[in-house]
Structure formats: structure tokens, C-alpha cells
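Residue numbers (my numbering), protein chains in the order written: chain C, 7 to 16; chain X, 7 to 218. The beta carbon of each residue, even a glycine, is placed where N, CA and C say it ideally should be.
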């Protein structure tokens, strides 16, 4: 899982 | 980016702006929980530390900066500029009962045991309960100004729209973040009672007041 993936949400 | 996510973000922005304008125009923060606003400032600060480490889009960066700036402006207005109007006697929720368990949980249940990730998780958990001091204050005084209820409505609507966004993303992108979803469900549930009062009272032109 890319830990960055949820950071596109606010 | 789907329509639910976008309207969720805009709803969140509307809530923040409504609150700032209410305080600024009336020169008063009566009925507003400074503790909830402090918690939201802490939520944004701990969540958006990735502003320093990764760039996602101009939209993402600008919204994060706006949310952080507005949350600090709100705290400034409540605790500095209009401090005399702050209703501290009714804002008595013990925030350590939220921050300490949430802090512990973010260490135990997270995606990755790294400082940024733990702080992100902390912010997600904390956001889900950060409105409790405000709801507690309303239950104590038994009423809320109509403009304050509009603020709460948009703030609650934002996470509800995010829930639909996550269902959408699960089906069309295979995206699923259990931590965000569980916290988002908790957060939305906390607003349900308020949503009911908002629809049955405020939208019919009545002031929100609770039975004594």
C-alpha cells in the first residue's frame, strides 16, 4: 500500500 | 476527484467561512466552543504536515493552506480579538478526555509506525470527536444561534459526503482506507441528532432550542 495515497484527500 | 468529494470539500469550506464571518460580523464568539476550534486547529496542523513532504495538486495544497489559515484565524478571534465575548463558563468539556485516548489509539492503530503517519492518524481520530465540546456547550445552554446551526450543518454534511465519496472510490478505484472510513462513520453519527433538530426546527424557521 502506498502510504501517500490517502493524502490526496483533505 | 468525484462530485461527492468536491461538494464535501466545499461544504467543509462553507462551514469554516460561515463561522469566521459570523464571529467577524457580529464581533462576538458567543455560543462558540473555543475548545472545539482549538481541536480543529490541532487536527489541521497534524494532518497537513505532508505539505512539507509531498505535492499532490494545486487544489490540494491551496485547500490545505486555506483550512489551516482559517482555523488559526478562528482561534485568534475567539481567544484574542473577541475574548471578552467568549462564553468560557459554558465551554467546560474536558478535552484531555478526547486528546489522550485518541493519541494512544493513533499509536496503536495506524497504517505505518512513522511520525508523519501517526500524526495523520491522530488527526483523523481527533477530527471525528472534535465537535463534542461544541455539542456539549449547546446541550448545556440548551440553544444555539441559527447561524451556528448552519455552521454545524455544513460541517456534518462534509463528512457525510466523504462517506459517499469513499463508497464511490471503493467501487470505481478499489480505494479503501479503513481508518478514515471508521472515523468518518463515527464523526457522521455524532451529527445525526443535530441533523434531526436542524431539519425539524431550523429549516422550518424556528430557533434551535432544546427542551429544559
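Quiz item: Where does residue 9 of chain X land, buried or exposed, given buried means 16+ other C-beta within 10 angstroms?
Solution: Residue mapping note: residue 9 of chain X aligns to position 3 of the second chain, counting from 1. Classification of residue 9 of chain X: exposed, given that the 10 Å Cβ count is below 16.
Exercise. Measure from the C-beta of residue 95 of chain X to each C-beta in chain C and report whether the shortest distance is under 8 Å.
Key: Counting from one through the second chain, the residue named residue 95 of chain X turns up at place 89. Closer than 8 Å: no.
Exercise. Determine whether the Cβ of residue 77 of chain X lies closer than 8 Å to any Cβ atom of chain C.
Key: Here residue 77 of chain X is taken as the residue at index 71 of the second chain, counted from 1. No, because no Cβ of chain C sits closer than 8 Å to the Cβ of residue 77 of chain X.
Exercise. Leaving aside the five residues before and after residue 169 of chain X along the sequence, list all residues of the same chain whose C-beta is less than 8 Å from its C-beta, in chain order.
Key: For the purposes of this step, residue 169 of chain X is identified with residue 163 of the second chain, where counting begins at 1. Only 187, 190, 191, 194 meet the Cβ criterion.
Quiz item: Does DSSP classify residue 7 of chain C as helix, strand or coil?
Solution: The residue labelled residue 7 of chain C in the question sits at position 1 within the first chain. Residue placement at residue 7 of chain C is flagged as unreliable, the pLDDT there being 45, under the threshold of 50; the coordinate-derived value follows with that caveat. The answer is coil: DSSP assigns residue 7 of chain C none of H, G, I, E or B.
Exercise. Indicate whether the contact test is met: 3 or more Cβ pairs, each with one atom in the stretch 68-77 of chain X and one in the stretch 19-29 of chain X, closer than 8 Å.
Key: yes
Quiz item: Given that a residue counts as buried once 16 or more other Cβ atoms are within 10 Å of its Cβ, and exposed if not, what is residue 83 of chain X?
Solution: Here residue 83 of chain X corresponds to residue number 77 of the second chain, with the count starting at 1. So residue 83 of chain X counts as buried.
Quiz item: Around the C-beta of residue 139 of chain X, are 16 or more other C-beta atoms found within 10 angstroms, so that it is buried, or is it exposed?
Solution: Indexing the second chain from 1 puts residue 139 of chain X at position 133. Residue 139 of chain X is buried by the Cβ-count criterion.
Quiz item: Between the stretch 57-86 of chain X and chain C, which residues of the former have CB atoms less than 8 Å from a CB of the latter, in chain order?
Solution: 60, 62, 63, 66, 69, 70, 73
Self-check item: Neighbour flag for residue 199 of chain X against chain C, beta carbons, 8 Å
Solution: If you number the second chain from 1, residue 199 of chain X lands on position 193. Output row for residue 199 of chain X: interface = no.
Self-check item: Coil, strand or helix - residue 36 of chain X by DSSP
Solution: The residue labelled residue 36 of chain X in the question sits at position 30 within the second chain. Residue 36 of chain X: coil per DSSP, three-state reduction.
Practice problem: Could you tell me which uninterrupted alpha helix (DSSP H) segments, each at least 4 residues in length, are contained entirely in the stretch 80-114 of chain X, listed from first to last along the chain? | Solution: 102-114
Quiz item: Where does residue 215 of chain X sit, in a helix, a strand or coil, going by DSSP?
Solution: The sequence position of residue 215 of chain X within the second chain is 209, counting from 1. Three-state DSSP puts residue 215 of chain X in a strand.
Quiz item: Would you say residue 7 of chain C reaches chain X, if we count a Cβ-Cβ gap shorter than 8 Å as a contact?
Solution: Start at 1 with the first residue of the first chain, and residue 7 of chain C comes out as number 1. For residue 7 of chain C, the predicted structure reports a pLDDT of 45, less than 50, and the residue's modelled location is therefore unreliable. The matter cannot be settled from this model.
Self-check item: Spatially closest choice to residue 80 of chain X from X:33, X:124, X:123, by CA coordinates
Solution: Residue mapping note: residue 80 of chain X aligns to position 74 of the second chain, counting from 1. Residue 80 of chain X has its Cα closest to that of X:33, out of X:33, X:124, X:123.
Quiz item: In angstroms, rounded to a whole number, what distance separates the CA positions of residue 179 of chain X and residue 123 of chain X?
Solution: Locating residue 179 of chain X in the second chain gives position 173, counting from the first residue. Locating residue 123 of chain X in the second chain gives position 117, counting from the first residue. If I take the Cα positions, the gap works out to 22 Å.
Quiz item: Would residue 7 of chain C be called buried (16 or more neighbouring beta carbons within 10 Å of its own) or exposed?
Solution: The residue you call residue 7 of chain C lines up with position 1 of the first chain. Low per-residue confidence applies at residue 7 of chain C: pLDDT is 45, beneath 50, and the placement is therefore not dependable, though the value from the model is reported in the following sentence. So residue 7 of chain C ends up on the exposed side.
Quiz item: Between the Cα of residue 196 of chain X and the Cα atoms of X:52, X:149, X:142, X:57, which residue gives the shortest distance?
Solution: Translated into positions along the second chain, residue 196 of chain X becomes position 190. Taking only the C-alpha atoms, the option nearest residue 196 of chain X is X:142.
Practice problem: Go ahead and label residue 200 of chain X buried or exposed: buried means 16 or more other beta carbons lie within 10 angstroms of its beta carbon, across all protein chains shown. | Solution: Residue numbering aside, residue 200 of chain X sits at position 194 when the second chain is read from its first letter. By the 10 Å Cβ count, residue 200 of chain X comes out buried.
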